[in-house]
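Structure first, commentary second.
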Amino acid sequence: MRRSSIDQRTDHHPLPESPATLAPALRVSGFTKTYADGFTAVRDLALEVPAGSFFGLLGPNGAGKTTLIGAITNLVRPTAGRIEVFGHEHETRHARRLVGLAEQEINLDRFLDVEEVLVYHAGYFGISRRNAKARAKELMDVFDLSAKAHVRPPALSGGMRRRLLFARALMHRPRLLILDEPTAGVDVELRSELWEYTRRLHREGTTILLTTHYLEEAEALCEDLALIRGGRIVARDSAAGLRARYGARDIAEVYAKAMSAAAADGIAATGADAQAAAAMTPAEEVAR
Amino acid sequence: MSAAAEPYVEERPGVVWLCEREIVRFLKLWVQTIVAPCVSSLLFIVVFGMALGDSIASVGGVPYDQFIVPGLVVQAVLTAAFSNNSSTVFQARSDRFINDVLSSPLRWWEVNLGLAIGGVVRGLITGVLLTAAAIAMTGIGVERPLVLVVAGALVLVAFAQFGVIAGIYARSWDFMAFVTTLVILPLSFLGGVFYSVDRLPDAWEVVSHVNPIFYLVQAFRYGFSGQADVPVGISLAVIAALALVLSAWCAWLFRTGHRLKP
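For the record, the sequence lines run as chains A and B. According to UniProt numbering, the stretch in the first sequence is residues 1 to 288, in order. According to UniProt numbering, the stretch in the second sequence is residues 1 to 262, in order.
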């Protein structure tokens with residue numbers, strides 16, 4: 001990734017008005033998701049993410065993170081509750097154009113090349129061809145993908161695919177960027193570059209919602225952290241606040257104590273995320 | 001006004017982009033998606049029509065090589081529309097890049113239209129190329145062009161939507177192979193592509209009349225030669241009903257998110 005390109009960029013977002021004058025980037029109330037087989041992955045969840053914040057959602061596999069993210073991005077149908085994005089109902093076109101999603105799984109269109117993946121994504125968000133191509137060129141440059149512009153995703157390395165996934169999520173200049181385990185399986189160098197770029201987006205006014213298993217990085221990056229287990233938020237505060245509350249040295253210790261306490265309260269880690277993924281994907285995955 | 005409060009305005013409609021993507025997809029694979037089915041159907045004309053046709057009496061006064069053309073054209077068109085859309089939708093679900101479309105501001109009907117259009121255009125190209133080649137090879141004419149256009153449009157809509165539905169319900173590639181090989185192909189062959197149902201025993205003639213593809217073949221045959229085994233109005237009504245039912249089913253799937261969104 002070319003740091004010089006990132007540093008020279010001035011056109012991403014104007015700095016937003018004072019967050020106090022804005023609706024929250026995300027407001028979730030009474031969100032419940034019960035799947036077709038009767039399994040309730042998330043029950044009556046409430047969450048508010050202020051505009052302009054860097055928010056971390058931490059929890060074990062199956063805690064309900066992907067179900068929640070799926071509901072925010074209209075990939076999962078809520079059973080009950082309300083979800084608003086910057087004050088817009090999440091199902092509206094207004095809300096959808098404000099959200100960018102980089103999913104945990106690499107889900108790139110195998111029939112398109114790198115440039116086309118970016119351009120068509122922008123197109124689905126109503127961007128003109130000229131602007132989409134200009135934006136694609138800019139992001140390919142930033143993410144060192146220019147040399148691979150006409151290569152299809154299956155021929156890219158894992159790191160390149162992850163960069164492309166990240167770039168795709170940014171093509172339409174989202175105000176709320178959701179990163180679901182963005183650095184899973186990524187080497188240290190690329191991870192560092194992605195975090196650096198994410199920090200820059202945040203400084204420029206983008207609200208970030210991040211899920212990650214790298215607790216030390218979440219602690220360093222996020223202003224606000226929520227711990228989720230069994231589809232419920234079991235703790236939420238700044239990293240310092242959580243450390244003080246749990247009498248812990250670092251967020252890893254907070255995490256361990258909070259999860260133990262939640263387990264003692266009978267909040268089981270569930271298979272919610274696996275449920276969401278299984279329900280969205282055909283049983284047999286064939287590369288053809 | 002903050003950027004988040006600005007109204008959503010499309011510089012270029014997202015649905016146009018999705019339509020373009022679906023067309024680009026099959027054009028990148030043009031040998032497989034266009035050339036192969038045309039060659040396959042033309043081989044039927046060469047072998048059954050031109051090579052063996054001399055030993056078969058004309059059917060209703062129509063030379064045999066011309067008689068089989070409408071059925072082969074409709075079979076190629078509906079297979080192209082179905083297989084294109086079933087595979088594009090299933091692949092997108094399997095690899096989960098359909099999420100890129102489902103989470104965008106595209107409306108449900110725009111997603112339906114965008115995903116269906118590839119099959120319509122592929123079927124249309126296949127049909128036009130095959131018809132042109134068949135005219136050149138057999139000398140068949142088009143007696144009722146308007147009927148052919150209307151029937152062609154209805155067949156494209158019906159089987160483009162059928163393909164999308166199959167892609168949404170499929171759990172494996174085997175399912176699509178099953179539908180193509182064990183449903184569409186037998187129904188096409190039993191739908192009067194190669195023969196007139198007048199020649200069948202009474203029981204089989206009745207069976208032919210419950211086969212929807214029979215009516216597609218009849219409508220195309222009427223469009224080409226001006227004659228068919230059933231009145232053209234009935235054939236068009238059956239195709240229109242089929243297109244309507246499949247379109248309504250597809251619309252329901254996209255509007256509710258059934259099987260697309262858990």
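We put the CB at the ideal spot given by N, CA and C, even for glycine. Note that this is a predicted model, so its numbers are computed, not measured.
Here's a check: name, in chain order, each residue in its chain whose Cβ is nearer than 7 Å to the Cβ of residue i, leaving out the five neighbours to either side.
i: E22 of chain B; result: T88, G114, L115, I117 and G118
i: T21 of chain A; result: Low per-residue confidence applies at T21 of chain A: pLDDT is 49, beneath 50, and the placement is therefore not dependable, though the value from the model is reported in the following sentence. Same-chain partners within the cutoff: there are none.
i: S79 of chain A; result: The sequence shown places Thr at residue 79 of chain A, rather than the Ser named in the question. T32, K33 and T34.
i: S29 of chain A; result: A46, G81 and R82
i: R229 of chain A; result: G59, P60, A63, M259, A262, I267 and A269
i: I140 of chain B; result: Q66, V69, A134 and F224
i: R161 of chain A; result: I106, L108 and P153
i: P151 of chain A; result: First, the amino acid is wrong: residue 151 of chain A is Val here, not Pro. These residues qualify, in order along the chain: D113 and V114.
i: R3 of chain A; result: Confidence at R3 of chain A is low in this model, with a pLDDT of 48, below 50, so the placement of that residue should be treated as unreliable; the coordinate-derived value is given next. Once the five neighbours on either side are set aside, R3 of chain A has no close Cβ partner at all.
What do you reckon, are the CB atoms on residue i and residue j nearer than 7 Å?
i: L176 of chain A; j: L118 of chain A; result: no
i: R122 of chain B; j: T33 of chain B; result: yes
i: E20 of chain B; j: I127 of chain A; result: no
i: L215 of chain A; j: I178 of chain A; result: no
i: Q218 of chain B; j: G60 of chain B; result: no
i: C250 of chain B; j: I184 of chain B; result: no
i: A149 of chain A; j: E115 of chain A; result: yes
i: V150 of chain B; j: Y222 of chain B; result: no
i: F55 of chain A; j: L209 of chain A; result: yes
i: R93 of chain A; j: P105 of chain B; result: yes
i: residue 286 of chain B; j: V155 of chain B; result: Not covered by the structure: residue 286 of chain B. The range shown for chain B is 1 to 262.
i: A240 of chain A; j: E219 of chain A; result: no
i: F175 of chain B; j: F82 of chain B; result: no
i: T211 of chain A; j: E181 of chain A; result: yes
i: A132 of chain A; j: A122 of chain A; result: yes
i: E191 of chain A; j: T183 of chain A; result: Correcting the residue identity first, residue 191 of chain A is Arg in this sequence and not Glu. Yes, these two residues count as a Cβ contact at 7 Å.
i: A167 of chain A; j: F86 of chain A; result: no
i: W17 of chain B; j: Y246 of chain A; result: no
Since residue i meets chain B, which of its residues come closer than 7 Å, beta carbon to beta carbon?
i: E103 of chain A; result: N99
i: T73 of chain A; result: S103
i: R129 of chain A; result: R12
i: R93 of chain A; result: Y8 and P105
i: Y214 of chain A; result: What Y214 of chain A touches in chain B: nothing, since even the nearest Cβ is about 23 Å away.
i: Y35 of chain A; result: P262
Mind pulling the chain A residues with CB within less than 7 Å of residue i?
i: W17 of chain B; result: Y120, G123 and Y124
i: E10 of chain B; result: G126
i: L106 of chain B; result: Y124
i: R25 of chain B; result: F111
Which stretch, first to last residue, makes up the beta strand (DSSP E) that contains residue i?
i: A235 of chain A; result: R232 to D237
i: V49 of chain A; result: T40 to V49
i: D180 of chain A; result: L176 to D180
At 9 Å on the CB atoms, spell out the chain A contacts of residue i, in chain order.
i: R21 of chain B; result: D109, F111, L112, E116, Y120, G123 and Y124
Along chain A, which residues have their Cβ under 8 Å away from the Cβ of residue i?
i: G14 of chain B; result: G123, Y124, F125 and G126
i: G257 of chain B; result: R77
i: P37 of chain B; result: Ordered by position in chain A, no residue passes the 8 Å Cβ test against P37 of chain B, which lies about 18 Å from the chain.
Which two residues bound the contiguous alpha helix (DSSP H) that contains residue i?
i: F44 of chain B; result: A36 to F44
i: D187 of chain A; result: Taken as a continuous stretch (DSSP letters only), D187 of chain A belongs to no alpha helix (DSSP H), as it is neither H nor E.
i: R259 of chain B; result: Here R259 of chain B belongs to no alpha helix (DSSP H), and DSSP marks it neither H nor E.
i: F214 of chain B; result: P212 to S225
Is the closest heavy atom of the ligand PLP to the C-beta of residue i under 6 Å?
i: S157 of chain A; result: Among the components of this structure there are no ligands whatsoever, and the ligand PLP is therefore not found.
Please compile the residues from chain B whose C-beta is within a distance smaller than 9 Å of the C-beta of residue i.
i: R96 of chain A; result: Y8, S103, S104, P105 and L106
For residue i, which residues in the same chain have their Cβ closer than 8 Å to its Cβ, ignoring the five residues on either side in sequence?
i: L260 of chain B; result: R93, I98, L102, I168, L253 and F254
Less than 6 Å between C-beta atoms, sequence neighbours within five positions excluded: which residues of the same chain meet that for residue i?
i: A283 of chain A; result: Residue placement at A283 of chain A cannot be trusted, given a pLDDT of 44 that sits under 50; what the coordinates show is reported in the next sentence. Once the five neighbours on either side are set aside, A283 of chain A has no close Cβ partner at all.
Would you mind listing the alpha helix (DSSP H) stretches within the region 80-123 of chain B that are 4+ residues and don't spill past its ends, in chain order?
-> 98-102
3-residue-minimum beta strand (DSSP E) runs that sit fully inside the region 204-270 of chain A, ordered along the chain = 207-211, 224-229 and 232-237
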